[in-house]
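The block underneath contains the structure these notes are about, expressed in structure tokens.
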Amino acid sequence: MFPEQCVVLVGGRGSRLGTLTDELPKPLMPVAGRPFLFHLLDRLAIYPFREILLLAGYKGDRIAEACRGRTAGNARIEVLIEPRPLGTGGSLTAAETQLAEHFFLLNGDSLFEIDLDRLAAPPFVQPSLSRLALRRVPETGRAGTVELSGERIVAFHERGPGGAGLINGGVYLMTRRIVDRIDRLPCSLERDIFPRLADEDRLEGMILDGYFIDIGIPADLERARAELAPSGNRGRD
């Protein structure tokens, strides 16, 4: 069954963007005349979500202000502001009482245009707690790589010499039980939780294709501004 809830991580400081985030949090960086986050919400509006939770931190009040009164399709939007920096995993603990049994989780500083129905379609193979959307790229560059065996993720590797490989696409199908695995704060899903789940054979991966853009560094922010403009040329990665 397709989850009715989508959770978006929008709490990071965006330190790699330097002074650009002194006044605005990274998800609100202007891209083609609108906050980047609004481009992401537009893509989510086509799905039958009933609720979108934005887990905010740094300058969370600005995100709450920007999204006040907004909807995405039939989904209401709620902003939760963490009391202190908790990391991508820790932010889920702050929102635990509002998490559905199954939900999508997305990074709020990237856009991966995939078919979420495909990611949600197969039932979890027990005892899996999460399924990651993976991208096959000709050059992994600054990203770490993911090792997949069948539908199981078996390992994560730090950035190596480059070349072709699978990388994390920043879109996840989650079960609420993953919060039980968060045993310290702050906590990073990518560094602390996912590698442990892979070691325990509790993490799935699905290779999907679609347009991708990340605004984590100035060069990629400028690329997003060019490609997401109405006349932009959006290539497929």
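Residue numbers (the UniProt record's numbering): 1 to 237. Ideal Cβ positions, reconstructed from N, Cα and C, are used throughout, including at glycine.
Reduced DSSP category for residue i - H, G, I as helix; E, B as strand; rest coil
i: P122; result: coil
i: F104; result: strand
i: L115; result: Looking at the sequence provided, one finds Asp at residue 115 rather than Leu. Residue state, collapsed to three classes: coil.
i: E4; result: coil
i: residue 238; result: Look at the range of the chain in this structure, 1 to 237, and you will see that residue 238 is not part of it.
i: L99; result: coil
i: R152; result: strand
i: L228; result: coil
i: G141; result: coil
Residue environment, residue i, which counts as buried when at least 16 other CB atoms sit within 10 Å
i: Q5; result: buried
i: M1; result: exposed
i: D42; result: exposed
i: I46; result: exposed
i: G150; result: exposed
i: N107; result: buried
i: R76; result: exposed
i: P127; result: exposed
i: R196; result: exposed
i: T88; result: buried
i: P27; result: buried
i: R202; result: buried
i: R236; result: Note on R236: pLDDT 48, under 50, position unreliable in the model; the coordinate value appears next. By the neighbour-count rule (16 or more Cβ atoms within 10 Å), R236 is not buried but exposed.
i: R50; result: exposed
i: P48; result: exposed
i: D109; result: buried
i: G162; result: exposed
i: P138; result: exposed
i: N168; result: buried
Boundaries of the beta strand (DSSP E) in which residue i is found, first to last residue
i: S130; result: 130 to 137
i: E204; result: 203 to 207
i: F194; result: Here F194 belongs to no beta strand (DSSP E); instead the alpha helix (DSSP H) covers 194 to 199.
i: T145; result: 145 to 149
i: D214; result: 212 to 214
Cβ-Cβ separation, residue j to residue i (assumed contact under 8 Å), whole Å
i: E82; j: S91; result: 5 Å
i: V146; j: E204; result: Not a contact, Cβ separation roughly 11 Å.
i: residue 238; j: R136; result: The question about residue 238 has no answer here: the residues shown for the chain are numbered 1 through 237.
i: L119; j: A133; result: 6 Å
i: L228; j: A32; result: 5 Å
i: residue 239; j: A56; result: Nothing about residue 239 can be reported from this structure: the residues present for the chain run from 1 to 237 only.
i: L86; j: S130; result: About 18 Å; that fails the 8 Å criterion.
Range covered by the alpha helix (DSSP H) that runs through residue i
i: L92; result: 87 to 94
Beta strand (DSSP E) runs wholly inside the stretch 156 to 191, at least 3 long, in chain order: Within the stretch 156 to 191, the complete beta strand (DSSP E) runs of at least 3 residues are 165 to 175.
Alpha helix (DSSP H) runs wholly inside the stretch 21 to 70, at least 4 long, in chain order: As far as the stretch 21 to 70 is concerned, its whole alpha helix (DSSP H) runs of at least 4 residues are 36 to 44, 60 to 67.
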